[in-house]
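Trainee:
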Amino acid sequence: MIFTEEILMAKNLVIVESPTKVKTIKKFLGSNYEVAASNGHVRDLPKSQLGIDVEHGYEPKYITIRGKGELLASLRKEVKKADKVYLATDPDREGEAISWHLAHALKLDESKMRRITFNEITKNAVKTSLKNPRQIDMNLVDAQQARRMLDRMVGYEISPLLWAKVKRGLSAGRVQSAVLRLIADRDEEINAFVPEEYWTLNAVLEVPGSKKPLEAAFYGTEKKKMTIRSRDELDAVLKEIEQEEFHVAEIKTGERVRRAPLPFTTSTLQQEASKVLSFSTQKTMRIAQQLYEGVDIKGNGTVGLITYLRTDSVRIADEADAAAKEYIAEQYGSDYVSAGSQAKASGKKIQDAHEAIRPSDIGRTPTLIKESLSRDQFRLYQLIWRRFAASRMASARYETISAKIAAGQYYFTASASRLAFEGFMAVYTQDSEEDEKSQSVLAKITKETLLVKKELQEKQHFTQPPAHYTEAALVKTLEELGIGRPSTYAPTITTLLTRRYVIKENKNLYMTELGEVVNQMMKKAFPSIVDVNFTANMESLLDKVEEGVVNWKTVVSNFYPDLKEAVEKAEKELESVKIADEETDVICEQCGRSMVIKYGPHGKFLACPGFPECRNTKPYLEKIGVPCPKCGGELVVRKTKKGRRYYGCENNPECDYMTWQKPKPEQEEEEKQEKK
Numbered sequence: 001m002i003f004t005e006e007i008l009m010a011k012n013l014v015i016v017e018s019p020t021k022v023k024t025i026k027k028f029l030g031s032n033y034e035v036a037a038s039n040g041h042v043r044d045l046p047k048s049q050l051g052i053d054v055e056h057g058y059e060p061k062y063i064t065i066r067g068k069g070e071l072l073a074s075l076r077k078e079v080k081k082a083d084k085v086y087l088a089t090d091p092d093r094e095g096e097a098i099s100w101h102l103a104h105a106l107k108l109d110e111s112k113m114r115r116i117t118f119n120e121i122t123k124n125a126v127k128t129s130l131k132n133p134r135q136i137d138m139n140l141v142d143a144q145q146a147r148r149m150l151d152r153m154v155g156y157e158i159s160p161l162l163w164a165k166v167k168r169g170l171s172a173g174r175v176q177s178a179v180l181r182l183i184a185d186r187d188e189e190i191n192a193f194v195p196e197e198y199w200t201l202n203a204v205l206e207v208p209g210s211k212k213p214l215e216a217a218f219y220g221t222e223k224k225k226m227t228i229r230s231r232d233e234l235d236a237v238l239k240e241i242e243q244e245e246f247h248v249a250e251i252k253t254g255e256r257v258r259r260a261p262l263p264f265t266t267s268t269l270q271q272e273a274s275k276v277l278s279f280s281t282q283k284t285m286r287i288a289q290q291l292y293e294g295v296d297i298k299g300n301g302t303v304g305l306i307t308y309l310r311t312d313s314v315r316i317a318d319e320a321d322a323a324a325k326e327y328i329a330e331q332y333g334s335d336y337v338s339a340g341s342q343a344k345a346s347g348k349k350i351q352d353a354h355e356a357i358r359p360s361d362i363g364r365t366p367t368l369i370k371e372s373l374s375r376d377q378f379r380l381y382q383l384i385w386r387r388f389a390a391s392r393m394a395s396a397r398y399e400t401i402s403a404k405i406a407a408g409q410y411y412f413t414a415s416a417s418r419l420a421f422e423g424f425m426a427v428y429t430q431d432s433e434e435d436e437k438s439q440s441v442l443a444k445i446t447k448e449t450l451l452v453k454k455e456l457q458e459k460q461h462f463t464q465p466p467a468h469y470t471e472a473a474l475v476k477t478l479e480e481l482g483i484g485r486p487s488t489y490a491p492t493i494t495t496l497l498t499r500r501y502v503i504k505e506n507k508n509l510y511m512t513e514l515g516e517v518v519n520q521m522m523k524k525a526f527p528s529i530v531d532v533n534f535t536a537n538m539e540s541l542l543d544k545v546e547e548g549v550v551n552w553k554t555v556v557s558n559f560y561p562d563l564k565e566a567v568e569k570a571e572k573e574l575e576s577v578k579i580a581d582e583e584t585d586v587i588c589e590q591c592g593r594s595m596v597i598k599y600g601p602h603g604k605f606l607a608c609p610g611f612p613e614c615r616n617t618k619p620y621l622e623k624i625g626v627p628c629p630k631c632g633g634e635l636v637v638r639k640t641k642k643g644r645r646y647y648g649c650e651n652n653p654e655c656d657y658m659t660w661q662k663p664k665p666e667q668e669e670e671e672k673q674e675k676k
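Taken in order, the sequence shown gives residues 1 to 676; the numbers are from the UniProt record's numbering.
Right, here's the structure in full:
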């Protein structure tokens with residue numbers, strides 16, 4: 001009894017990464033637990049130097065991150081008061097490394113230190129983790145250290161070379177450079193593309209007893225599908241079938257099954273949020289982080305709404321699977337419940353310690369908590385909820401019917417389908433799903449039906465080049481090639497956009513002149529760094545470090561000497577490249593030169609090219625091509641002190657017109673008419 005009281009009186013400290021989690025987790029634990037946040041990493045390699053002792057066993061030189069001194073002092077006070085310290089950072093390599101760094105920075109006694117992880121921030125998950133503490137997993141820590149050091153080596157050795165040969169402020173990255181290469185290769189493929197001609201031929205046929213005609217597409221001969229590649233080939237086909245009768249050669253009915261989708265991984269969530277919600281990868285991860293860490297729900301306090309957002313596994317916990325199937329049976333009926341669970345086939349290692357991304361409680365429907373969420377939080381949560389619910393549901397079934405229609409030696413085909421059982425589509429449909437075609441006409445024909453040719457519709461086409469990468473398509477390719485990990489997709493793309501190596505227009509990613517120069521330089525001097533197979537193999541090696549199969553220092557020591565040699569060679573052999581600043585029609589009032597666009601920490605600004613003789617600068621006002629309805633000047637993009645975007649007149653302060661919504665030309669014309 002006395003032992004139990006001692007346990008109850010014990011003071012425990014739980015350290016998490018984010019301050020947002022503190023409030024959520026504190027609610028689940030009693031007064032014997034104090035919860036504090038590290039605000040991410042507390043130690044890192046120094047910014048002023050490489051920070052790796054390459055002469056003595058590749059030892060990293062960690063220092064306390066600037067600004068974290070007070071926070072660590074505060075944590076040390078809490079540690080002194082505690083009998084047990086639970087390190088509850090995120091359940092991945094990065095989180096494991098943060099726990100390890102905290103243990104060193106706080107000089108934690110191993111006897112009182114425990115590592116705990118949870119995949120969702122719910123009362124049950126947090127309390128279960130406290131019952132199953134463990135030691136820090138050094139294999140995970142070493143995998144993170146190896147990645148950090150490899151990235152540091154590439155960044156700190158190659159970036160100065162780019163500054164010297166191109167211009168200051170550029171950067172190279174191990175994964176970033178390979179991704180830039182992918183985008184550049186796609187642009188080159190598009191530029192080199194030569195369109196090829198082809199023709200389609202449709203037969204419009206009258207069916208006895210049907211008001212609607214039957215449309216059949218040209219297929220080829222009975223045994224071979226044909227592509228009509230020229231007008232001459234088309235004319236030859238038309239000539240042969242000119243006098244032929246059209247008759248039904250074959251008709252088949254059947255069933256097609258559309259399997260329920262797998263629950264979201266980080267990659268598939270980013271892709272779907274981009275396609276359906278038009279979110280950037282960065283925005284998707286930011287909002288998912290908010291949903292994971294906890295949102296204030298009316299009547300419930302702060303609640304973690306989804307499971308951990310960085311995962312490449314589609315596994316679902318047994319309890320969550322059972323709860324979802326019970327919910328589906330109650331809401332839709334037992335026919336809608338999936339009979340089993342799908343597994344994702346993959347050649348690469350899946351970090352199966354994590355689950356897929358799912359709602360922490362299937363009963364917390366999007367509609368139920370809509371009022372407590374922002375618009376974007378609601379839309380993303382609804383997407384995750386629907387996808388998870390669909391993944392536990394039965395397949396959709398279609399009744400299909402197809403016909404082969406002969407005209408001499410040539411065949412035409414027609415097919416249609418009808419949804420017989422909606423299954424998972426009761427909650428989730430994807431844009432890519434084809435519209436079902438009406439069966440009404442096909443259902444009326446048999447082998448004996450006499451078909452009458454009404455007309456032949458011919459159309460010329462040209463093959464299209466590959467599409468430019470979108471963020472969604474790029475993430476899908478990175479996952480398929482094994483480049484990077486779920487946590488790296490969004491920051492890598494964001495870095496390429498921030499560095500202006502790539503620009504985004506209408507969702508498409510395009511190379512800039514600067515990006516092309518950097519890519520060509522990297523390809524010439526560091527072919528292995530930008531080689532996608534090399535980068536994927538490096539990810540595989542890091543996985544082996546995590547498994548305890550490969551020593552992390554072996555990976556680092558094998559990589560650095562070759563990199564150093566390539567840098568020294570490039571310093572001697574690579575020629576400097578001058579990237580001209582973009583000139584504008586704005587004239588510098590001090591010296592008369594045309595001002596150029598420069599980039600600073602806060603974005604674009606105008607500067608005089610006569611620097612340092614003329615140091616004149618101005619804010620860059622991005623014109624939107626719409627006249628001001630008040631004075632006729634140009635409307636430009638402006639920002640408030642807090643960073644919120646609005647649209648105002650370039651003649652401000654003389655003209656005070658402004659609007660929060662982006663105006664359209666016709667809208668401005670209407671406003672002018674109204675004022676008249």
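We treat Cβ as the ideally placed atom computed from N, Cα and C, and that holds for glycine.
Bear in mind that the values here come from a model prediction, so they are computed numbers and not experimental data.
To the nearest angstrom, how far is the alpha carbon of residue 288 from that of residue 70?
Mentor: Spanning the two alpha carbons is a distance of roughly 30 angstroms.
Trainee: Rounded to whole angstroms, what is the Cα-Cα separation between residue 330 and residue 120?
Mentor: 25 angstroms
Trainee: Decide yes or no for the touch test of the stretch 356-363 against the stretch 305-325: beta carbon pairs closer than 8 angstroms, at least 3 of them.
Mentor: yes
Trainee: For residue 522, which residues in the same chain have their Cβ closer than 8 angstroms to its Cβ, ignoring the five residues on either side in sequence?
Mentor: 158, 172, 177, 180, 181, 529 and 530
Trainee: Decide yes or no for the touch test of the stretch 539-558 against the stretch 221-228: beta carbon pairs closer than 8 angstroms, at least 3 of them.
Mentor: no
Trainee: Identify the continuous beta strand (DSSP E) that holds residue 504 and give its terminal residues.
Mentor: 502-505
Trainee: For residue 661, which three-state DSSP category applies?
Mentor: Residue 661 falls in the coil class under three-state DSSP.
Trainee: Going by C-alpha to C-alpha distance, which of 17, 127 and 140 sits closest to residue 544?
Mentor: Here the closest residue by C-alpha is 140.
Trainee: On a Cα-Cα basis, can you pick out the residue from 445, 48 and 517 that is closest to residue 212?
Mentor: 445
Trainee: When you compare the CB positions of residue 59 and residue 40, do they come within less than 8 angstroms of one another, or not?
Mentor: Contact flag unset, no.
Trainee: For residue 457, name the three-state secondary structure that DSSP assigns.
Mentor: strand
Trainee: For the beta strand (DSSP E) that contains residue 252, what are its first and last residues?
Mentor: 247-258
Trainee: Going by Cα to Cα distance, which pick from 74, 622 and 408 is closest to residue 236?
Mentor: 408
Trainee: Please classify residue 308: does DSSP put it in a helix, a strand, or coil?
Mentor: coil
Trainee: Using 8 angstroms as the Cβ pair cut-off and three pairs as the minimum, do the stretch 29-48 and the stretch 92-102 touch?
Mentor: yes
Trainee: For my contact list, residue 154 and residue 563 are in at a C-beta cut-off of 8 angstroms; report their separation, rounded to the angstrom.
Mentor: 7 angstroms
Trainee: Are the C-beta atoms of residue 523 and some chain C residue less than 8 angstroms apart?
Mentor: Here there is only one protein chain, and chain C is not present.
Trainee: Buried or exposed: residue 187, going by 16 or more other Cβ atoms within 10 Å of its Cβ?
Mentor: buried
Trainee: Count the other CB atoms within 10 Å of the CB of residue 427; is the residue buried (16 or more) or exposed (fewer)?
Mentor: Residue 427 counts as buried, since no fewer than 16 other beta carbons sit within 10 angstroms of its beta carbon.
Trainee: Taking only the alpha-carbon atoms, compute the straight-line gap between residue 655 and residue 589 and give it to the nearest angstrom.
Mentor: 21 angstroms
Trainee: Check whether the stretch 461-479 touches the stretch 131-147, taking contact to mean three or more Cβ pairs, one atom from each stretch, closer than 8 angstroms.
Mentor: no
Trainee: I believe residue 83 touches residue 12 by the beta-carbon criterion, under 8 angstroms. Please report the beta-carbon distance rounded to the nearest angstrom.
Mentor: 7 angstroms
Trainee: Along the chain, which unbroken stretches of the alpha helix (DSSP H) at least 4 residues long are found entirely within the stretch 520-573?
Mentor: 532-547 and 552-573
Trainee: Does DSSP put residue 278 in a helix, in a strand, or in coil?
Mentor: coil
Trainee: Sort 335, 415, 506 and 451 by Cα distance to residue 422 and report the nearest one.
Mentor: Ranking 335, 415, 506 and 451 by Cα distance to residue 422 puts 335 first.
Trainee: Going straight from the alpha carbon of residue 678 to that of residue 478, what length do you get?
Mentor: Not covered by the structure: residue 678. The range shown for the chain is 1 to 676.
Trainee: Does the Cβ-Cβ distance between residue 75 and residue 113 come in under 8 angstroms?
Mentor: no
Trainee: Would you call the stretch 360-374 and the stretch 259-273 in contact, with 3 or more CB pairs under 8 angstroms?
Mentor: No, they do not touch.
Trainee: Can you check whether the CB of residue 516 is closer than 8 angstroms to the CB of residue 161?
Mentor: No, Cβ-Cβ distance for residue 161 and residue 516 is not below 8 angstroms.
Trainee: Would the beta-carbon of residue 631 fall within 8 angstroms of that of residue 651?
Mentor: yes
Trainee: Extract the residue ranges of the alpha helix (DSSP H) inside the UniProt domain "Toprim" (11-121), only unbroken runs of 4 or more that lie entirely within it.
Mentor: Fully enclosed alpha helix (DSSP H) runs of 4 or longer: 19-28, 69-81 and 93-105.
Trainee: Please identify the residue among 617, 659 and 22 whose C-alpha is closest to the C-alpha of residue 627.
Mentor: 659
Trainee: For my contact list, residue 255 and residue 387 are in at a C-beta cut-off of 8 angstroms; report their separation, rounded to the angstrom.
Mentor: The pair is not a contact, with the Cβ atoms about 25 angstroms apart (cut-off 8 angstroms).
Trainee: Looking at the secondary structure, which residues open and close the beta strand (DSSP E) in which residue 495 lies?
Mentor: Segment 489-498 is the alpha helix (DSSP H) holding residue 495; no beta strand (DSSP E) there.
Trainee: Buried or exposed for residue 281, going by 16 or more other Cβ atoms inside 10 Å?
Mentor: buried
Trainee: Using the C-alpha atoms, what's the distance from residue 215 back to residue 197?
Mentor: 23 angstroms
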